[in-house]
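In this note's numbering, the protein residues as written are -1 to 621.
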């Protein structure tokens, strides 16, 4: 005979109601958290003096205990409120209506074109993915060298002495490096850029795929292809999406979170999978960057707004909001044990010197990077800018700018009229971008704001929808629409050609190229005494360990004497000339290095940023 209590309806039983797998997982996680709190070392058992000194083990003990305590509290709340968030609305089919497709394109054609666009995006990013590492990338790897070894996951996940460290990226790089080392068995000193950048590269090209799926889900099939193409060719995304940093991850999470939120809210079958996927995305957002919790909250508020505005049935609105809150609560149960030890270490962060210049001038250039991947105006710089393009081709560039802003305006209007929910998601993301500027300005500790990374996805989506709307407005044969599309793509390629061409020919920084040149000179029998001077010199040792770092004129004179005694040709590697000329510690040696009587420039290597220019300077007479 069954042991089921016949006086309790199944939907009111914690053990028998629908969705019991999720409840049992929460119950098990809560019991595990309680067990950890009971058996683990308590924070009050540690030495009080350890508060003043940095100790990873102490921070780990405190952080994990408080993190699991938070998870226990959340788990208990979820267990006692399970009827609220686990119930099923039986009248949901009456409240949700299917949104018809606004633009129609054959499914096979769409998938083939989207696949070609993804391949194009991968091709445009390949030069940077396999090129030399930049200054920030090398600095990140040098300060977290444990990420390149298969051991010590504790340091990878919880050593958080630098505010710009991305824990998920560090873990992904470590896994990528481990796979590469098992497949190739390389020399320990060898640097493989592809293995280091592969996580960012995968997310970068995945963003192109996800943006196509998202806009197609909103009903704009042609606009989806346009948005994917704009993102694939966008110079800013080509550059920053592949670099070792958080920008590409943020763009991917923004797009993926929007996709899961769209599926979850419009799901007629009352499935948990999309809510759990959205909660996982929220977890990754909060875990990727320390201010990511604010962006996750923004997405949650957006979801609540969409639910309240889309569904007229009160019961369904209540159920959907409860599931949204529960998904975020489950994400918090994982987030607190993962990140609480890192939060405990924020008091030991080292201050960043000049983290940013004033926000307002940078905001104008951020708009330029948002649309074309270059500054609006950059006086006295070799960097491409919109102002320079207007000066060179005023008529063509003016036409392109007018078309761009018309497509943007048309896309905003078209999205709001046809898909108000999608428009609200895009508006929320742009607001979060402005919030990132406010956080950056208020805290005054972050290296830079994430405005472009957050606002790029809404921008290319609206441009794609606007451009496809122009094509739909022109009632003509496919040949004319194809011609208009081709001309529009050519126009965009033209105005952004300089920053895009640079990503195809230059590395982030030429450290690798300089090291290759020095090794070739050494192989030909040229005996050199290599000195890396000033700012950027320490990074050069990452690619060329045989060089000697010097920071001022006094040390440089000592190296000149050493080269004379060893009868080797003194070779100075000098980069970041403008920075070194102004740096109080390095500027005294620049006049000597630039002296035509003592030295001459042998070679010059450039990077994407004009500051990342390195000169190979050889002594005319070591004596």
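C-beta atoms are modelled at their ideal positions from N, C-alpha and C, and glycine is treated no differently.
Simplified DSSP state of residue i, which is helix, strand or coil
i: residue 352; result: At residue 352, the pLDDT of 43 sits below 50, so the modelled position is not reliable; the number obtained from the coordinates is stated separately. Residue state, collapsed to three classes: coil.
i: residue 290; result: helix
i: residue 603; result: strand
i: residue 107; result: helix
i: residue 383; result: strand
i: residue -1; result: Because residue -1 carries a pLDDT of 43, less than 50, the predicted location of this residue cannot be relied on, and the following value inherits that uncertainty. If DSSP states are grouped into helix, strand and coil, residue -1 belongs with coil.
i: residue 135; result: helix
i: residue 22; result: helix
i: residue 217; result: coil
i: residue 150; result: coil
i: residue 612; result: strand
i: residue 45; result: coil
i: residue 232; result: coil
i: residue 57; result: helix
i: residue 448; result: coil
i: residue 598; result: strand
i: residue 583; result: coil
i: residue 129; result: coil
i: residue 571; result: strand
Selected residue, minimal CA-CA separation from residue i, among the options
i: residue 336; options: 275, 314, 322, 281; result: 281
i: residue 462; options: 512, 401, 500; result: 401
i: residue 597; options: 569, 608, 579; result: 569
i: residue 293; options: 326, 366, 470; result: 326
i: residue 116; options: 305, 208, 61; result: 208
i: residue 108; options: 330, 32, 218; result: 218
i: residue 54; options: 79, 154, 73, 488; result: 154
i: residue 606; options: 381, 412, 469; result: 381
i: residue 303; options: 590, 424, 61, 268; result: 424
i: residue 341; options: 165, 375, 610, 512; result: 165
i: residue 552; options: 429, 222, 585, 579; result: 585
i: residue 540; options: 559, 514, 555; result: 514
i: residue 77; options: 65, 587, 595, 25; result: 25
i: residue 58; options: 252, 152, 80, 206; result: 152
i: residue 574; options: 320, 533, 537; result: 533
i: residue 590; options: 531, 600, 564, 542; result: 531
i: residue 365; options: 333, 344, 389, 403; result: 403
i: residue 161; options: 138, 174, 169, 277; result: 138
i: residue 119; options: 237, 470, 305, 278; result: 237
i: residue 79; options: 388, 268, 321; result: 321
i: residue 485; options: 563, 398, 172, 277; result: 398
Cβ neighbours of residue i in the same chain (closer than 8 angstroms, five flanking residues each side left out)
i: residue 567; result: 524, 525, 526, 527, 561, 616, 617, 620
i: residue 241; result: 126, 132, 134, 135, 195, 198, 506
i: residue 454; result: 229, 232, 234, 235, 249, 368
i: residue 257; result: 208, 211, 212, 215
i: residue 557; result: 527, 529, 546, 548, 568
i: residue 27; result: 69, 73, 331
i: residue 41; result: 59, 60, 63, 64
i: residue 44; result: 56, 59, 60
Cβ distance (whole Å) where residue i is taken to contact residue j below 8 angstroms
i: residue 122; j: residue 231; result: 7 angstroms
i: residue 220; j: residue 103; result: 6 angstroms
i: residue 308; j: residue 239; result: Not confirmed; about 32 angstroms, so no contact.
i: residue 286; j: residue 244; result: 6 angstroms
i: residue 329; j: residue 83; result: Actually they are not in contact, since the Cβ atoms of residue 329 and residue 83 sit about 14 angstroms apart, beyond 8 angstroms.
i: residue 370; j: residue 459; result: With 8 angstroms as the limit, residue 370 and residue 459 do not qualify as a contact, their Cβ atoms being about 17 angstroms apart.
i: residue 206; j: residue 222; result: 11 angstroms between Cβ atoms; not a contact.
i: residue 384; j: residue 393; result: With 8 angstroms as the limit, residue 384 and residue 393 do not qualify as a contact, their Cβ atoms being about 15 angstroms apart.
i: residue 255; j: residue 297; result: 5 angstroms
i: residue 640; j: residue 468; result: Given that the chain is displayed from residue -1 to residue 621, the structure contains no residue 640 and the question cannot be resolved.
i: residue 20; j: residue 270; result: 6 angstroms
i: residue 224; j: residue 407; result: Not really, about 16 angstroms apart at Cβ, beyond 8 angstroms.
i: residue 158; j: residue 343; result: 4 angstroms
Contact set for residue i: own chain, Cβ-Cβ below 7 angstroms, skip 5 residues either direction
i: residue 178; result: 190, 193
i: residue 67; result: 35
i: residue 148; result: Residue placement at residue 148 is poorly supported in this model, since its pLDDT is 46, which falls under 50; the coordinates are not used for a value here.
i: residue 550; result: 583, 584, 586, 587
i: residue 143; result: Note that residue 143 has pLDDT 49, beneath the 50 cutoff, so the model's placement of it is unreliable and the number below is only indicative. Nothing listed; no residue qualifies.
Residues near residue i by beta carbon distance below 6 angstroms, same chain, minus five either side
i: residue 437; result: 289
i: residue 612; result: 508, 512, 573, 603
i: residue 449; result: 364, 431, 434, 435
Q. In chain order, which continuous runs of the alpha helix (DSSP H) of length 4 or greater are located wholly inside the region 514 to 552?
A. 535 to 541
Q: Go through the region 235 to 321 residue by residue and report every complete run of the beta strand (DSSP E) that reaches 3 residues or more, in order.
A: none
Q.
Threshold first: 3 residues or longer. Then list the beta strand (DSSP E) segments lying entirely within the region 458 to 513, N to C.
A. none
Q) At what residue ranges does the region 391 to 454 contain a whole run of the beta strand (DSSP E), taking only runs of 3 or more? A) none
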